[in-house]
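Numbered per my numbering, the sequence shown spans residues 1072 to 1605.
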Amino acid sequence: MANLPGQLEPIDLRYWPTCENALSWSSEGLAVATGEAVQILIPIDASGSRGLPQDSQWRKSMFSVNQFQDEEWSHVSLATIRHFSIGEELSDSIIISLAWSPPGLGLHRRNVLAILTSNLVLSFWEGDGKLDQWKRTAVVNQHLPNNDDCDSTTDLAMQREERRIRAFCWIPPIKAGSSIKWGQHLLAVADDSDRISLFRVTKKERSKVGHWSFEVLGQHAIEPVTPESFNGGSLASVLSVSSRVSRIKASEIQEDNSANRKTFTFTLHLRRANGGFPKAVSVKFHVDPGNEPADSASHEMSLTSQDSGVQPEPDQDHGVTEADFEPALRRPRSDFDAAFSLSGKIRTRFYGISLSPDKSQAAACVSLHPTDMIEAVMPATQHTLIVFNNTNNSANVTGLEKTFLIVLEELLAFISSTDPNLIQSELDRKIIRSTISLILGDPTTFQKFTIWARLMSDRLPNGRHEDEMDLDKEIEDVAGSGRSWQEYCETQSQQDAPMGMNSVGAIYLLSLYRSLASRSIVPNVAGISWTLQT
């Protein structure tokens, strides 16, 4: 049975998923955890890929995450039996959790992928815009505070426990002061010592991968579980005492402006691996606008913990259920049934549901298995299926939809303000040539950009400026003259458009820019909505 019109086709990937929530979706792409590797799916055209064949809808990239350099995570000796960790010392470092950061944290304000592996190491992965170029740029474990002056064997063992990360989650950005646009990016992690650490993560250099800064805002020790507090048998009591935090989920942020300083409050919902009552950690983030530095908001942290006698909030509260994917699963299940003659005896296992950035699509990670026999497969024959469902619940657009000309002028303003030294790749030059052709094709409408267009046309290959330093000085002189581009342009003599510059039109530039903005290669300066009204 074919999918409904406009429905994205199912995607078949190699290997099985290895964690409960095995996929995460952002404007960077759809990340799927499959064993020791992450597979990134990037829409070829977010607006026009529906209804196309499966291979024409997505670009696929895969990279392994279980290999570490010595400087990233050095070899450790065996721990004592009391502090021994199978995950740290014997596991294959498969993926147990992954999540995209909120936008604005990574290179050129892109998303960063955080991956927790079974050796209890949390890593940051960044891409540089190329499909297969993904690199580990940070190991969060290295930034966990501990006592480096420990001498006794017990203290050293405890220090190792404090460096093992069991769970993590991103906090919704706190937008205040100088961080009003992208917000301050917070990361909560739980370690083996039952301690919650809250980091503020920033980039020291926006134009390069890596160069991270981790600031510990506060820590909170979780009360250990005791056998007396757990109603169950002896085995259940032992498991509950030894279990660690396995899941952290952050609530939405509540803002309070009643006092002289802003207060942002959110709750961390904690779950343990084997029983025990759930916990809730209430976090308050105070910002004093009067003492705010230029680059980051001053802060005070207060962490309070309270027992929660109710069930924790569901890990995924987006309103989409497994039953919503039933139509999309009919054909894959039918094909699986026919391939192995199972007579309909098929089990479908779900490994998480994730929404697209605009909330219009939901993706589910599933695997298919027989129900009345033992399944013996090799890794090469393992498969993960990604199915999609239209939610009909697009995100609310912030601000009014903008007219064609306003959006176009915003794009031109953004491109014309870009540092010329950042124009390096052929894609960069393609965007600049398209922009120049558009401006010089209608100099009356885009008069304030014409002088920039002429200067940049000289900078491109075969231009009149052979010395880039002279051109940089000319651009700097124009910018520092105190005159607007329009005033400066009126003093210049009219020149012909550069040779070989065929006008490609505004639609081409908008389509190209929309494709880049949808993948966060460039900021979406024209707003979330791309429904342009002519």
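Don't be surprised by glycine CBs; every beta carbon is placed ideally from N, CA and C.
Arg1332 places its beta carbon less than 8 Å from that of His1357. Taking the Cα positions, Thr1188 is about 7 Å away from Ser1168. Just measuring C-alpha positions, the residue of Val1272, Glu1232, Gln1213 sitting nearest Cys1240 is Val1272. Excluding the 5 residues flanking it on each side, Leu1176 has same chain C-beta neighbours closer than 6 Å at Val1183, His1256, in chain order. Residue pairing by DSSP places Arg1130 opposite Ile1113 in a beta bridge.
Under the DSSP definition of a beta bridge, Ile1457 partners with Ile1082, Cys1436. The secondary-structure analysis by DSSP pairs Arg1231 with nothing; it has no beta-bridge partner. Per the C-alpha coordinates, the member of Ser1528, Gln1453, Ile1113 positioned closest to Pro1491 is Ser1528. Looking at the DSSP output, Asp1163 bridges to nothing. Cβ-Cβ distances below 7 Å link Ser1264 to Met1229, Glu1232, Glu1233 in the same chain, with the five nearest sequence neighbours on each side left out; the list follows chain order. Nearest to Asn1461 by C-alpha distance, out of Asp1429, Ser1194, Ser1414, is Asp1429.
By the neighbour-count criterion, in which 16 or more other beta carbons inside 10 Å mark a residue as buried, Ser1488 falls on the exposed side. DSSP, read as helix, strand or coil, puts Phe1411 in helix. Contact check for Ser1268 against Val1287 passes: the beta carbons are separated by less than 8 Å.
For Pro1514, same chain residues with a beta-carbon under 6 Å away, outside a window of 5 residues either side, are Thr1521 in chain order. When DSSP states are grouped into helix, strand and coil, Gly1512 belongs to the helix group. One Cα belongs to Trp1283, the other to Gln1290, and the distance between them is close to 20 Å. According to the DSSP assignment, Arg1530 belongs to the alpha helix (DSSP H) that extends over 1521–1530.
Each of Asn1190, Ile1324, Ser1156, Trp1196 was checked against the Cα of Trp1171, and the nearest Cα belongs to Trp1196. Secondary structure note for Gln1138: it is in no beta strand (DSSP E), with a DSSP letter that is neither H nor E. Straight across, the Cα-Cα distance linking His1146 with Ile1165 is about 17 Å. Distance from the CA of Ala1093 to the CA of Ala1108, rounded to the nearest whole angstrom, comes to 11 Å.
Taking C-beta separations shorter than 8 Å and ignoring five residues to either side along the sequence, Val1448 has no partners in its chain. A Cβ-Cβ distance of about 12 Å is found for the pair Arg1237 and Ala1259, leaving them out of contact under the 8 Å criterion. In the DSSP assignment, the residues bridged to Asp1327 are Thr1334. Secondary structure of Glu1286 (DSSP, three-state): strand.
Comparing alpha-carbon positions, the option among Leu1161, Trp1144, Glu1143, Pro1173 lying closest to Ala1150 turns out to be Leu1161. Non-local C-beta neighbours of Val1437 in its own chain, meaning closer than 6 Å and more than five positions away in sequence, comprise Thr1419, Phe1421, Leu1456, ordered along the chain. For Pro1173, there is no enclosing beta strand (DSSP E), as DSSP marks it with neither H nor E.
Taking the CA atoms as reference points, Gln1204 sits about 26 Å from Leu1531. For Gly1100, the enclosing beta strand (DSSP E) covers residues 1100–1105. Under DSSP, Cys1240 takes part in a beta bridge, and its partners are Ala1259.
The residue from Gly1100, Lys1350, Phe1459 with its alpha-carbon nearest to that of Pro1403 is Phe1459. Counting along the chain, the unbroken beta strand (DSSP E) around Arg1318 starts and ends at 1316–1321.
Contact annotation, Ala1409 with Pro1081: C-beta distance approximately 16 Å; criterion of less than 8 Å not satisfied.
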